[in-house]
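Here's the structure we're looking at; comments come further down.
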Amino acid sequence: MSGGGAPAKAVEPQPHPPKEQLPNISYCITSPPPWPEAILLGFQHYLVMLGTIVIIPSSLVPQMGGGNEEKAKVIQTLLFVAGLNTLLQSLFGSRLPAVIGGSYTFVPTTISIILAGRFSDTSDPVERFKRIMRAIQGSLIVASTLQIVLGFSGLWRNVTRFLSPLSVVPLVSLVGFGLYEFGFPGVAKCVEIGLPQLILVVFVSQYMPHVIKSGKHVFDRFAVIFTVVIVWIYAHLLTVGGAYNGKAQKTQLSCRTDRAGLIDAAPWIRVPYPFQWGAPSFDAGEAFAMMMASFVALVESTGAFIAVSRYASATPMPPSILSRGVGWQGVAILLSGLFGTVNGSSVSVENAGLLALTRVGSRRVVQISAGFMIFFSVLGKFGAVFASIPAPIIAALYCLFFAYVGAGGLSFLQFCNLNSFRTKFILGFSVFMGLSVPQYFNEYTAINGYGPVHTGARWFNDIVNVPLSSEAFVAGCLAYFLDNTLHRKDSAIRKDRGKHWWDKFRSFKGDSRSEEFYSLPFNLNKYFPSV
């Protein structure tokens, strides 16, 4: 070699360093965007959460005997309660930008109450609807005590203090990926509007910012509003153009923009109030079954809270804050029972995914969205316009949001030792069983009309079938058990599972970042030191 110098040493590629807080977030919890931008982002959160708010009552109310008028009132009530609960959670609960809305976890237990034989002697469908609603209210009121007690007593804090990044990965991942059945299957119900929405939202949010470099984050931040408006207009043109005339009833319900029946049925102004359907009725078996659904929702919401904290660029959640958030989620279920929403409450997974899409984790934005929920729930006609967005459009958005949440769970692998066979076993076995066990239970139910556990006591069936039908619940519980029983006291294994990264955030006191994110307003921390 000329010059006689030593050959240049090759630069070794370095691994990406772990990040306790997610970088590249434009606005974190305590840094709100400018007011005009915050209002638009809040409206976007409102549009996204409407999917679950509309789909669940639209499915359950007709089975209860209610018509379009009852369906519109239930949607208004669910929307109103969701706004209240989101405000309470962001002010006094976890303090995260988490939207609290309806939950599919409570649907199987609710259907069991609807099918109970004691309501078959009522001939008037509206009266039957009210009787069933009062029974659902009673079971929700009782079920809310589970999360209220576990959260505010600090018991859930003692459970979650044993979480590690390794056991969080299957839980959070399947909170997102486990909802795959609400993604493309929903798009395919009307593929001519669902598929364009899916392609358009991916193109606008992921490609347009790199094609048109304005530097203002317009396309990636407001992709939902742009694409929903475009495809909604396109779907309306297909409807008025007669594209669905003579089609099957199922196709018309999924594709047409004028078949929801909400705009005509919704009152102009109506304020939901507690016990609007009458005094709740109570049944011990149904209450225990709903309590199990509440526990499943508790586990799923724990994963969703962790995903929200990640995408809001917060520090890892201290167990006490997680417990406090669960307590206020119990209050949310209590309010659902008092008002009569036909459904319980949990953290909205789709809105957690929207945080990732927009890269805006501001608490103020979610509080503004709660204001939109309350406003449009009171002004029923105006709210019904947005609630009439065809379901395949919402399902296309779900494909992105659920994928983001699932990927957020996978991101915790950066704290784990992936060369450890212990890590590989816990991760692989819990995720596989989290997919396989619910697949068996759901497939069995779809074929036979009832779950694998089928006794004369419907409430007992739900206590077993509902938790084992939840991907996140099975995977999260299995990973938690294995991670805390397989040789966890070894110091090397403690590093393998990533526990050393999280232990310094066990208490938010003394850490300026955690105190900024999670402290209660109005100096309330001194009154609630443990939760």
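Under full-length UniProt numbering, think of the first position of the sequence shown as 1, with each following residue one higher. For glycine and all other residues, C-beta sits at the position ideal for the given N, C-alpha and C.
Burial state of residue i, where buried means 16 or more other Cβ atoms lie within 10 Å
i      : result
Leu237 : exposed
Gln367 : buried
Pro17  : exposed
Val271 : exposed
Thr77  : buried
Gln44  : buried
Asn461 : buried
Gly241 : exposed
Leu155 : exposed
Trp268 : exposed
Ser94  : buried
Ala384 : buried
Val11  : exposed
Asn448 : exposed
Gly215 : exposed
Gln63  : exposed
Pro170 : buried
Ser120 : exposed
Asn419 : exposed
Tyr398 : buried
Phe517 : buried
Glu515 : exposed
Leu166 : buried
Ser112 : buried
Tyr480 : buried
Arg118 : exposed
Minimum C-alpha distance to residue i - residue among the options
i      : options                        : result
Leu60  : Leu88, Pro18, Lys130           : Lys130
Leu88  : Asn484, Ser369, Ser436         : Ser369
Gly361 : Arg118, Ser94, Ala98, Gly65    : Ala98
Ala82  : Leu524, Val385, Gly371, Arg363 : Gly371
Leu163 : Lys247, Trp501, Trp328, Cys399 : Trp501
Thr109 : Ser139, Tyr480, Gly178         : Ser139
Ala332 : Leu418, Val54, Leu47, Phe80    : Phe80
Cys477 : Phe441, Ile426, Trp459, Gly498 : Ile426
Ala387 : Tyr27, Ile75, Leu335, Glu515   : Ile75
Glu286 : Pro23, Leu520, Val107          : Val107
Ala293 : Thr105, Lys19, Thr485, His217  : Thr105
Asp483 : Ser346, Asn448, Arg161         : Arg161
Asn343 : Glu350, Val349, Leu334         : Leu334
Thr52  : Thr358, Ser346, Ile113         : Ser346
Phe522 : Ile193, Leu84, Phe92, Pro33    : Phe92
Asn442 : Arg458, Phe421, Phe415, Ser470 : Ser470
Phe275 : Cys399, Ser144, Arg134         : Arg134
Val231 : Glu515, Ser519, Thr257         : Thr257
Gly151 : Ser173, Leu298, Gln14, Arg128  : Leu298
Phe376 : Ile29, Ser31, Lys73, Gly117    : Lys73
Ala266 : Gln197, Leu379, Gly117         : Leu379
Met291 : Leu354, Ala116, Trp459, Ile193 : Trp459
CB contact flag (residue i, residue j, <8 Å)
i           : j      : result
Ser58       : Lys71  : yes
Val405      : Ala307 : yes
Trp42       : Val474 : In the sequence as presented, Trp is not what sits at residue 42; that position holds Gly. The answer is no: Cβ separation not under 8 Å.
Gly102      : Ile141 : no
Phe412      : Val168 : yes
Val431      : Leu468 : no
Ala352      : Ala395 : no
Ile463      : Ala289 : yes
Gly261      : Pro392 : no
Val149      : Gly66  : no
Leu357      : Ala223 : yes
Tyr444      : Gly434 : no
Leu146      : Phe295 : yes
Val172      : Gly456 : no
residue 574 : Leu22  : Missing from the structure shown is residue 574; the chain here goes from 1 to 531 and no further.
Glu20       : Pro316 : yes
Ala243      : Pro390 : no
Thr86       : Ile100 : yes
Ser309      : Leu96  : yes
Neighbour flag for residue i against chain C, beta carbons, 8 Å
i      : result
Ala384 : No chain C appears in this structure, which consists of one protein chain only.
For the pair the stretch 35 to 43 and the stretch 315 to 330, tell me if three or more CB-CB distances fall below 8 Å.
No, because fewer than three Cβ pairs between the stretch 35 to 43 and the stretch 315 to 330 fall closer than 8 Å, the two stretches do not touch.
Report the start-end ranges of each alpha helix (DSSP H) in the stretch 106 to 158 that is 4 residues or longer and not cut off at the edges.
Counting whole runs of 4 or more residues, the stretch 106 to 158 contains the alpha helix (DSSP H) stretches 107 to 114, 125 to 152.
Ranges of the alpha helix (DSSP H) found wholly within the stretch 338 to 389, counting only runs of at least 4:
Entirely contained in the stretch 338 to 389, the alpha helix (DSSP H) runs reaching 4 residues are, in chain order, 349 to 358, 363 to 378, 380 to 387.
Quick check for students: name the residue ranges of the alpha helix (DSSP H) that lie wholly in the stretch 408 to 451, counting only runs of 4 or more.
Complete alpha helix (DSSP H) runs here, min 4: 421 to 448.
Any contact between the stretch 175 to 194 and the stretch 388 to 403? By contact I mean 3 or more CB pairs, one from each, below 8 Å.
In short, these stretches touch, since the Cβ pair count reaches three.
Can you list the beta strand (DSSP E) stretches of 3 or more residues lying completely in the stretch 34 to 119, in chain order?
Qualifying beta strand (DSSP E) stretches, in chain order: 100 to 102.
Would you mind listing the alpha helix (DSSP H) stretches within the stretch 261 to 308 that are 4+ residues and don't spill past its ends, in chain order?
Segments of the alpha helix (DSSP H) lying fully in the stretch 261 to 308: 262 to 265.
Cβ contact (3+ pairs, closer than 8 Å) linking the stretch 334 to 345 and the stretch 272 to 281
Yes: at least three Cβ pairs fall under 8 Å.
What alpha helix (DSSP H) runs, 4 residues minimum, are completely inside the stretch 190 to 274?
Entirely contained in the stretch 190 to 274, the alpha helix (DSSP H) runs reaching 4 residues are, in chain order, 191 to 202, 208 to 211, 218 to 221, 223 to 240, 249 to 255, 262 to 265.
Enumerate, from N- to C-terminal direction, the unbroken alpha helix (DSSP H) stretches of 4 or more residues contained entirely within the stretch 313 to 339.
The qualifying runs are 319 to 339.
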